[in-house]
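Numbering (full-length UniProt numbering), first residue to last: 1 to 384.
Just so you know, even glycine gets a beta-carbon here, dropped at the ideal spot from N, CA and C.
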């Protein structure tokens, strides 16, 4: 197919949240996690065909979508999923919030990694639930969950463990023994587990495998809600199509009851896009992964060559979690924004000494941004 990921697609002055933030400013937006790549041709063609039909009423997940998703889980992860386990959602974030509201009481607490994707923390705050921060530590140049340190914080009120694999923002792909330790932790403390696996298709380090938490054992399946989506993989996040896989019927009932009258059904065009992506998007995905690996390598080399910045190897996602604690600045996000690069502030994830860079963009744009960052640090006395 040979897609051209170097093709620049103008997103300024469109409905892009990512680009609108810095509209009419000389700032390159590398923050929120959507990529600047055109979606797979199969997705665009399927949407055009559906739009030509001209009627856009309420929809439902087609048998084709259910079938292709179940087959994908079996082929990629050796995970046997049943159709009745699937709950389709208009986004993954609402799934996180539903898990907190449906599967805990106000007196019970949640546990979430720290630092972590901001909706993990917000979901507890929105539901007025206490949250224990499970520290993520650096171990052999990988960001991993520190369960021993978490253990010391527990009060006994904890009911829900929120996991993220691959980890956002750190880019870690958890190995089987690490997931087994997380399961053991959940078993010992009688926890339900909500596992955000939205980046599972974006593995950059060859030889690694994504292992769904629920696939570890029957016990893991029965105590878990797994959240997946084609949105990051195929750059269709704005369409909103996500899937909660809930094997336990009682948990599934509580989850669906909590959404009733509040969380809407999935848009019909999102169903079309998801189906087309899963059915015919994998060749495009492999080409995208090759391109992202090149971008990842460029970011690794460039960032680690800048005095005061450090970046650990990114195993998955198109997100780089950059340690800026070595810079003589009080606010790394504001510093780089002033230099013309819009990154995600680490404070949103729980550590203001970091910034997160989205390298899901054209390489020429990425090179320009990295040059601006290097020049800003080189001229730091003049900018402070």
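With respect to the C-alpha of residue 376, the residue from 262, 249, 327 and 24 having the closest C-alpha is 327. Under the 8 Å Cβ criterion, the stretch 147-156 does not count as touching the stretch 295-303, having fewer than three qualifying pairs. Within the stretch 318-379, the runs of beta strand (DSSP E) that reach at least 3 residues and sit entirely inside it are, in chain order, 319-323 and 354-358. Classified as buried, residue 197 has 16 or more neighbouring CB atoms from the shown chains inside 10 Å of its CB. A straight-line Cα-Cα distance of about 15 Å links residue 34 and residue 363. Burial state of residue 9 is exposed, judged by a 10 Å Cβ sphere holding fewer than 16 other Cβ atoms. According to the DSSP assignment, residue 223 belongs to no alpha helix (DSSP H), since it is labelled neither H nor E. Counted as a single uninterrupted DSSP element, the beta strand (DSSP E) harbouring residue 113 occupies residues 109-114.
Boundaries of the alpha helix (DSSP H) harbouring residue 123: 118-126, taken from the DSSP string.
Between residue 263 and residue 90, the gap from beta carbon to beta carbon is short of 8 Å. In this structure, the beta-carbon distance from residue 292 to residue 318 falls below 8 Å. C-alpha of residue 365 to C-alpha of residue 337: approximately 15 Å in a straight line. With at least 16 other beta carbons inside 10 angstroms of its own, residue 30 counts as buried.
Of all C-beta pairs linking the stretch 212-219 to the stretch 66-82, three or more are shorter than 8 Å, placing the two stretches in contact. Within the same chain, and ignoring the five residues on either side of residue 23 in sequence, the residues whose Cβ sits closer than 8 Å to its Cβ are 12 and 13.
Under the three-state reduction of DSSP output, residue 42 falls in the helix class. Collapsing the DSSP output to three states places residue 200 in coil. Between residue 271 and residue 61, the beta carbon gap of about 6 Å places them in contact (Cβ cut-off 8 Å). With distances taken between CA atoms, residue 346 lies nearest to 323 out of 323, 121, 251 and 109.
Contact annotation: the stretch 107-126 does not touch the stretch 277-287, with fewer than three C-beta pairs closer than 8 Å. If you compare the alpha carbons of 372, 310, 73 and 321 with that of residue 32, the shortest gap goes to 321. Taking the Cβ atoms as the reference, residue 316 lies roughly 5 Å from residue 203, within the contact range of under 8 Å.
Its Cα nearest to that of residue 374, the residue 304 stands out among 351, 25, 349 and 304. Here the alpha carbon of residue 359 sits roughly 7 Å from the alpha carbon of residue 296. In the same chain as residue 57, and ignoring 5 residues on each side of it, no C-beta atom comes closer than 6 Å to its own. Comparing C-alpha distances from residue 250 to each of 225, 241 and 172 shows the shortest one belongs to 225. For residue 43, the closest of 353, 281 and 339 by C-alpha to C-alpha distance is 281.
With a threshold of 16 other beta carbon atoms within 10 Å, residue 182 meets it and is buried. In this chain, the alpha helix (DSSP H) harbouring residue 304 covers 282-304. Under DSSP, residue 130 forms a beta bridge with 109. Of the candidates 6, 47, 21 and 28, 47 places its Cα closest to the Cα of residue 236. Taking each of 19, 95, 257 and 222 in turn and checking the Cα distance to residue 124, the smallest one comes out for 95. Three or more pairs of CB atoms, one per stretch, sit closer than 8 Å, so the stretch 162-169 contacts the stretch 184-195. Selection 69, 257 and 116 evaluated against residue 137 yields 116 as nearest (Cα-Cα). Rounded to whole angstroms, residue 45 and residue 64 show a C-alpha spacing of 17 Å. Comparing alpha carbon positions, the residue from 144, 177 and 156 closest to residue 170 is 144.
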